[in-house]
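In what follows, a single structure is set out as structure tokens and then discussed.
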Amino acid sequence: MLAKKVNPPGMSGTKQEISPTYSLRYFTESIPKYHIPKDGMPANAAYQLIHDALHFDGRTAFDIGSFTTIWMEPEAQKLIMENLGKNFIDRFEYPETAEIHQRIVNMLGHLFNAHEQDDFCGTATVGSSEAIELGLLAHKWTWKRNRIKQGKGADKPNIIFGADAHICWDKFARYFDVEPRIIPMEKDRFCTDAKSVMERIDENTICVGAIMGTTFTGACDPVKEINDLLVQVKENKGWDIPIHVDAASAGFILPFINPQLEWDFRLPQVRSINVSGHKFGLVYPGVGWLIFKNHTDLPEDLIFYVNYLGDDMPTYTLNFSRGSDMVLAQYYNLLHLGRSGYTKVMNNCMNNARYLANKLTGSGIFELVNNLELPIITFRFKKTPDFAPFQLSQKLRERGWMLPAYNLPENADDMTVMRVVVRETFSRDMAETFYDDIVKAYQTINKTEMEHLRPNVPPRRGHHVT
Ligand SMILES: Cc1ncc(COP(=O)(O)O)c(C=O)c1O
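So the sequence shown is numbered by the numbering used here: it starts at 966 and just counts up by one.
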């Protein structure tokens, strides 16, 4: 390419320097990676340095295995930016934010079908993990209080959940010293069932976990079946065992696309529910919600009252300070979308999920592992090829797609699956491009593997090799 002479300023108007971001002396000297630099650098230089380094991160839109929100509207972003410095815990200073928090808890209590007489309560959390840990902790305390009241031992609590549960359930058991009784998966069963719960339950069971939309396959546990069993147990043995529903994903999906399905506070043993605002609540990370069916499900001993910020304020969280931004962004979505807006978004996600799932199964290469109760497609190879799904995932990474491939938990761990979470931002166009790319990647690896496996024997005379 032929380069031409650049005229001095004034004649052509062309700038003679490159951006000071790169030409200042700050970048002529190395900057320590793991120590705070002795002197700082201009704001634009710091920005550019970090901005450039982040090119090595994947692109969020291509992270198709993730549940969390990657896009919000400009008005939501404006609200977030305007409120970045507001500490959520300072309710005396920011009473309107506290009022908005209260409104959201109420909206969710009603969304999860609390009865008129239910005196529900709840809190914002950083995500579903914090919400689950707090929910289960409350059930442990209720159990302990009842045992002590009855003059019985309270040192051997246990909790029942499936191997399909998110790791935060195991964390709870270990951090809060509760024996986990885990229901393993089977080759043809990827969630819990009432019979398996029954086999593990006893008077020391603090709670039974039910997952609506498991992280592994997106399947839903049969909450109603488990509820009916626990109602019977209560009648026959007097053990009032609560269910905590982990609706991290489904809590913002099922009420809109399948409102008849009973999994929430309509069931008497469901005493607490968590949902991630930053998943299908359509808010950026990190906000989650924990709702108790009744304030009596949260023992008073666990509530701390803080008055040194100017008000006598009850708190039930693991941390103290946190941003207000995502709580306000949640309120924005609830007001802006309303029930009909959420229903449209979720139906759209479902339609795109069905569309991609049909294409994947139609290829003859893949088969579904779940039955698409939610817009989460879990699939595997129909016929085991000579390469692992991890290789397919790696190949797709060359195009930017981040497709998780992983083994299912114990008992079904010889099964490797892949997962696409169809979020609001995953369009029909993206589904088509992804489908073309996954088939191409499969064919490329398959061809290479076949050539690799083919014995290197020269063709016999008189035979044609096609
Ligand atoms: C079913 C389920 N429960 C809990 C969690 C943890 O949620 P968070 O990341 O909001 O803490 C997840 C995360 O994917 C999940 O899928």
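Backbone N, C-alpha and C fix where the C-beta goes; we use that ideal spot for every residue, glycine too.
query	result
Rounded straight-line distance, which links the Cα of residue 1405 to that of residue 1424	Per-residue confidence for residue 1424 stands at a pLDDT of 42, beneath the threshold of 50, marking its modelled position as unreliable; the derived number appears in the next sentence. When rounded, the distance between both Cα atoms is 29 Å.
Cα-Cα separation, residue 1098 to residue 1007	43 Å
Same chain only: Cβ atoms within 6 Å of residue 1027, ignoring 5 sequence neighbours per side	1365, 1366 and 1367
Beta-carbon proximity of residue 1210 to residue 1196, cut-off 8 Å	no
Residues that DSSP places opposite residue 1241 in a beta bridge	1253
Residues bridged to residue 1262 (per DSSP)	Note: residue 1262 sits in no beta bridge, so no partner.
Separation of residue 1138 from residue 1095, as counted between CA atoms	13 Å
Of the listed residues 1335, 1277 and 1247, nearest to residue 1303 (C-alpha basis)	1247
Nearest candidate by alpha-carbon position, reference residue 1217, set 1351, 1068 and 1074	1074
Spatially closest choice to residue 1350 from 1361, 1335, 1331 and 1337, by CA coordinates	1331
Residue 1057: first and last residue of the uninterrupted beta strand (DSSP E) it sits in	No beta strand (DSSP E) contains residue 1057, which DSSP labels as neither H nor E.
Rounded straight-line distance, which links the Cα of residue 1255 to that of residue 1237	7 Å
Unbroken alpha helix (DSSP H) run spanning residue 1222, endpoints	1219–1222
Residue 1131 Cβ short of 7 Å to ligand 1 heavy atom set	yes
Minimum C-alpha distance to residue 1374 - residue among 1047, 1059 and 1153	1153
Contact under 8 Å by Cβ, residue 1360 with residue 1409	yes
Bridge-paired residues (DSSP) for residue 1209	1174 and 1237
Endpoints, alpha helix (DSSP H) assigned at residue 1326	1290–1327
Sub-8 Å separation of residue 1065 and residue 1293 beta-carbons	yes
Sequence-distant residues of the same chain with beta carbon closer than 7 Å to residue 1264, five excluded per side	1103, 1106, 1107 and 1110
Neighbour-count burial assignment, residue 1015, 16 or more Cβ in a 10 Å radius	exposed
Residue 1338 vs residue 1185 beta-carbon contact at 8 Å	yes
As assigned by DSSP and simplified to three states, the class of residue 1354	helix
C-alpha distance - residue 1358 paired with residue 1240, whole-angstrom precision	29 Å
Check: residue 1211 C-beta below 7 Å from any heavy atom of ligand 1	yes
N- and C-terminal bounds of the alpha helix (DSSP H) containing residue 1111	1093–1114
Among 1083, 1362, 1227 and 1389, nearest to residue 1022 - alpha-carbon criterion	1362
Whole-angstrom distance between residue 1306 and residue 1169, CA atom to CA atom	44 Å
Host beta strand (DSSP E) of residue 1333 (start-end)	1331–1333
Range covered by the alpha helix (DSSP H) that runs through residue 1012	1008–1018
Minimum C-alpha distance to residue 1125 - residue among 1062, 1093, 1245 and 1171	1171
Cβ-based neighbour list, residue 1329, same chain, cut-off 7 Å, excluding 5 preceding and 5 following	1347
Exposed unless 16 or more other CB atoms sit within 10 angstroms - verdict on residue 1018	exposed
The region 1114–1128 / the region 1276–1287 touching (three or more Cβ pairs under 8 Å)	no
Residue 1179 CB to nearest heavy atom of ligand 1 below 7 Å	yes
Cβ neighbour criterion (16 or more within 10 Å) applied to residue 1392	exposed
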